[in-house]
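S.K.: Numbering (our numbering), first residue to last: 11 to 408.
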Amino acid sequence: MIQWNSFYAARAQGDYQNLVSTLADSIVQMAGGFPDERVFPGAEALEAMQSLYEQAGPALMQYAGPIGYEPLRQWVAERAGGSTALSADHVLLTHGAQQGIDLIARMLLDPGDTVIVEAPTFHGALWVFQSHGARILSVPLEQDGMDVSCLKQMLADLARTNQLPKFIYTIPTFHNPTGYTTSLERRVAMLEICSTFGVPIVEDLPYSDIWYDAPPLPSYLELSDHSVSVIQLGTFSKTLCPAFRVGWMIGDESFIAKTIHFKHISDTCSSLLMQRTAHELCSNGFLERNVSKARNLYRQKRDALMEALARHPIEGASCSRPGGGFFAWLTLPAGMSATVLKKHALEAGVAVAASPMFYEEEGRDHACRITFSCPQAAEIETGVGRLATAMNRLIQQI
Ligand SMILES: Cc1ncc(COP(=O)(O)O)c(C=O)c1O
């Protein structure tokens with residue numbers, strides 16, 4: 011048998027973990043960022059497909075242009091709002107936001123180029139930047155956003171050696187994995203800093219529609235006035251369903267026009283059938299109704315998580331209270347390893363994600379991401395109870 015190891019490209023040399031592995035039914039799934047299947051548009055999607063097929067016939071199943079279905083691009087452009095008038099030419103439809111991250115990296119990153127991320131950040135983005143051979147620098151993320159003075163200092167140092175980053179990747183609203191939201195003050199400060207140094211911002215916004223306490227703050231795209239280039243990513247994975255694989259990228263027309271080539275290289279085109287189905291669900295009012303149903307459902311789960319954590323207090327631990335999205339960030343008591351806890355928690359019957367996967371640097375083993383979107387409220391209580399038992403056992407050993 012061939013020894014594949016000696017054939018792998020440099021980017022494929024590491025050992026990679028699979029977070030989306032199948033778990034036994036007895037385990038409460040609070041690791042992967044899965045939506046609740048009750049928000050998926052089952053009957054409505056089938057109905058939309060049937061009616062589209064009656065109108066368009068087999069052409070619905072044909073190859074399509076890589077940029078994506080024009081009326082949906084127009085819908086995305088109108089919804090993104092802001093002072094800048096956007097048109098369909100500012101929008102490329104992607105195979106989920108994940109592909110958007112990869113396309114941006116293909117467009118902007120040569121091996122060795124610098125990119126700045128929040129610490130912690132979305133592991134899916136880290137994997138993309140690593141696979142493109144980027145030099146990834148991290149700025150600490152606080153409850154109200156990136157540490158802007160650290161960012162400013164880092165950019166000043168990089169400017170001195172002519173190594174300014176190609177872009178800053180940020181998840182400003184209902185962040186994955188922490189659930190934090192960048193305050194308006196920090197957004198404005200970030201824009202000012204990026205304008206001074208001429209660095210683009212890539213903002214990833216998969217969760218901004220899923221808010222619980224107050225509507226989301228204006229995005230960087232909305233706040234920017236052309237002095238900073240902002241590329242924004244979005245997706246229907248959380249508001250309709252991940253299986254559609256319909257996401258989008260919004261940016262300068264010239265950037266989008268060039269990205270089309272790389273979208274073609276990546277997968278020729280996304281599915282016209284799914285893009286048109288998504289468009290139908292946007293235009294016939296289903297999406298808005300579904301989003302408000304999703305908000306209510308996930309708000310109850312967020313509350314169930316907060317109540318369960320209050321019922322099972324763990325000395326020295328603290329948890330974020332997300333204003334939206336799917337995730338909360340549990341900081342562990344001093345000296346407790348998240349990697350060890352993850353194993354013990356799994357044995358106790360609950361899956362959580364340990365912090366190291368969300369950091370570029372080694373050794374950040376002090377926290378867990380708790381996903382509350384997937385389990386039902388009663389399962390959240392069970393899961394937190396199991397996690398607390400595992401933690402209390404580990405505390406004895408510290
Ligand atoms: C921050 C962030 N970006 C991108 C994605 C990818 O989403 P999609 O399903 O649209 O590819 C996710 C999914 O969990 C995410 O949390």
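Every residue gets a Cβ at the ideal spot worked out from N, C-alpha and C, and that includes glycine. It should be emphasised that the depicted structure is a prediction, and the values quoted were computed from it without experimental measurement.
Under a three-way DSSP split, which group does S328 fall into?
M.R.: Per DSSP, reduced to three states, the secondary structure at S328 is strand.
S.K.: Whole beta strand (DSSP E) runs in the stretch 244 to 320 with 3 or more residues, listed along the chain?
M.R.: 257 to 260
S.K.: At a cut of 8 Å, does the stretch 374 to 384 reach the stretch 40 to 58 through at least three beta carbon pairs?
M.R.: yes
S.K.: Please report how far the alpha carbon of L342 lies from the alpha carbon of C160, in whole angstroms.
M.R.: 24 Å
S.K.: Going by the DSSP bridge assignment, what does Y179 pair with across the sheet?
M.R.: V127, V212
S.K.: Please report the distance separating the alpha-carbon of F368 from that of H185.
M.R.: 12 Å
S.K.: Pull up the CB-CB distance for L227 and K176, whole angstroms please, since I reckon it's below 8 Å.
M.R.: With 8 Å as the limit, L227 and K176 do not qualify as a contact, their Cβ atoms being about 26 Å apart.
S.K.: Would you please state the rounded distance, in angstroms, between the beta carbons of Y190 and Q153? I believe it to be under 8 Å.
M.R.: The Cβ separation is near 5 Å, so the contact holds.
S.K.: When the Cα atoms are used, what is the spatial distance from E232 to G295?
M.R.: Going from the Cα of E232 to the Cα of G295 covers about 24 Å.
S.K.: Let me have the residue list for ligand 1: C-beta closer than 6 Å to any non-hydrogen atom, ordered along the chain.
M.R.: G43, G106, A107, Q108, F132, G134, I181, N186, D214, P216, T245, S247, P252, G257
S.K.: Where R305 and L356 are concerned, what is the direct C-alpha to C-alpha distance, given to the nearest angstrom?
M.R.: 29 Å
S.K.: Less than 7 Å separating the beta-carbons of G257 and T104?
M.R.: A contact, by the Cβ cut-off of 7 Å.
S.K.: Using CA atoms only, rank isn't needed, just tell me which of S302, Y217, V158, T124 is closest to Q173.
M.R.: T124
S.K.: Thinking just about the alpha-carbon of each residue, which of W14, G91, C251, I146 is nearest to the one in A107?
M.R.: C251
S.K.: What are the boundary residues of the beta strand (DSSP E) that P150 is part of?
M.R.: 145 to 152
S.K.: Give a yes or no on whether the C-beta atoms belonging to H354 and A318 are separated by under 7 Å.
M.R.: no
S.K.: Do G334 and V38 have their beta-carbon atoms positioned less than 7 Å apart in this structure?
M.R.: no
S.K.: I want to see whether chain C comes within less than 7 Å of A377, judged by CB atoms only; does it?
M.R.: Going by chain labels, chain C is absent from the structure shown, which holds only one protein chain.
S.K.: Is P76 closer than 7 Å to H376 when the C-beta atoms are compared?
M.R.: no
S.K.: Pick out whichever of L165, T180, A169, L102 has its Cα sitting closest to the Cα of L136.
M.R.: Cα-wise, what sits closest to L136 is T180.
S.K.: Do T287 and M59 come within 7 Å of each other at the CB atom, strictly closer than that value?
M.R.: yes
S.K.: Given that a residue counts as buried once 16 or more other Cβ atoms are within 10 Å of its Cβ, and exposed if not, what is E88?
M.R.: Exposed, by the Cβ-count rule.
S.K.: Rank Y18, M40, A20, L33 by C-alpha distance to the C-alpha of F475 and give the top, closest one.
M.R.: Only positions 11 to 408 of the chain appear in the structure, and residue 475 is not among them; the question remains open.
S.K.: Please return the same chain residues whose Cβ sits closer than 6 Å to the Cβ of L96, not counting the five positions on each side in sequence.
M.R.: A87, A90
S.K.: If you measure between the beta carbons of L56 and Y63, is that distance less than 7 Å?
M.R.: no
S.K.: Please work out which residues of its chain come closer than 6 Å, Cβ to Cβ, to A314, disregarding the five sequence neighbours upstream and downstream, and give them in chain order.
M.R.: A387, I390
S.K.: Nearest by alpha-carbon distance to V209: which of S234, A224, D219, H142 is it?
M.R.: S234
S.K.: Quick check on DSSP: helix, strand or coil for F368?
M.R.: helix
S.K.: Is the Cβ-Cβ distance between A348 and C329 less than 7 Å?
M.R.: no
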